[in-house]
Amino acid sequence: MKTRPVGAPNREEERRHIFVTGGVVSGLGKGILSASIGLLLKERGLRVTHQKFDPYLNVDPGTMSPFQHGEVFVTDDGAETDLDLGHYERFTEQALEGRNCVTSGQIYDAIITKERRGGFLGKTVQVIPHVTEEIKRRMLATARDQDADVN
Numbered sequence: 001m002k003t004r005p006v007g008a009p010n011r012e013e014e015r016r017h018i019f020v021t022g023g024v025v026s027g028l029g030k031g032i033l034s035a036s037i038g039l040l041l042k043e044r045g046l047r048v049t050h051q052k053f054d055p056y057l058n059v060d061p062g063t064m065s066p067f068q069h070g071e072v073f074v075t076d077d078g079a080e081t082d083l084d085l086g087h088y089e090r091f092t093e094q095a096l097e098g099r100n101c102v103t104s105g106q107i108y109d110a111i112i113t114k115e116r117r118g119g120f121l122g123k124t125v126q127v128i129p130h131v132t133e134e135i136k137r138r139m140l141a142t143a144r145d146q147d148a149d150v151n
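Under UniProt numbering, think of the first position of the sequence shown as 1, with each following residue one higher.
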């Protein structure tokens with residue numbers, strides 16, 4: 001049985017999340033930095049996963065111009081995602097899923113679909129709390145389902 005490194009979380013509420021931000025400026029190296037951090041943590045014996053959150057309203061980058069957004073990376077489950085997921089996979093040597101790449105378009109689509117099905121019971125749907133809760137729900141569910149110590 002593999003022992004857990006000192007400081008490794010063993011309960012869901014102890015899971016750690018690292019956020020790398022840089023505004024809307026591309027080409028700063030945020031993806032490579034994130035992949036490098038993941039590799040270092042994995043080498044220390046922690047289980048890691050990566051998630052990329054993009055603010056654009058497209059559901060995925062598959063229909064966006066590669067001149068505007070860059071190339072897409074296709075995951076094993078067939079999802080067209082941001083190229084950074086390819087960096088994460090190569091650095092950590094683990095396959096990611098389409099749900100590791102989240103766009104504002106996906107978030108809004110899920111909320112509107114839920115609202116149309118009566119999921120908010122007549123409440124006014126708002127950015128706070130509904131959009132923020134959907135973002136948190138996806139982040140926590142992916143980390144939990146992929147059994148990550150660090151997300």
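By construction, the Cβ of each residue, glycine as well, lies at the ideal position given by its N, Cα and C atoms.
- G62 has its alpha-carbon roughly 18 Å from the corresponding atom of H87.
- DSSP lists V150 as the bridge partner or partners of R16.
- When Cβ pairs closer than 8 Å are counted between the two stretches, the region 46-62 is seen to touch the region 144-151, the count reaching three or more.
- Where K123 is concerned, there is no enclosing alpha helix (DSSP H), because DSSP gives it neither an H nor an E.
- E80 sits in a strand when the DSSP states are folded into three classes.
- In the displayed model, V131 falls within a helix according to three-state DSSP.
- When F19, S26, T124 are compared, the shortest CA-CA separation from F67 is found for S26.
- If you keep only unbroken beta strand (DSSP E) runs of at least 3 residues inside the region 50-106, you get 52-54, 72-74, 80-82, 101-103.
- Secondary structure note for G38: its alpha helix (DSSP H) is the uninterrupted segment 30-43.
- Inter-segment contact for the region 87-101 and the region 19-35 is present: three or more beta-carbon pairs are separated by less than 8 Å.
- N58 sits close to T103, with the two beta carbons spaced by under 8 Å.
- Beta-bridge partners of V25 (DSSP): none assigned.
- If you draw a straight line from the Cα of T81 to the Cα of S65, it comes to about 13 Å.
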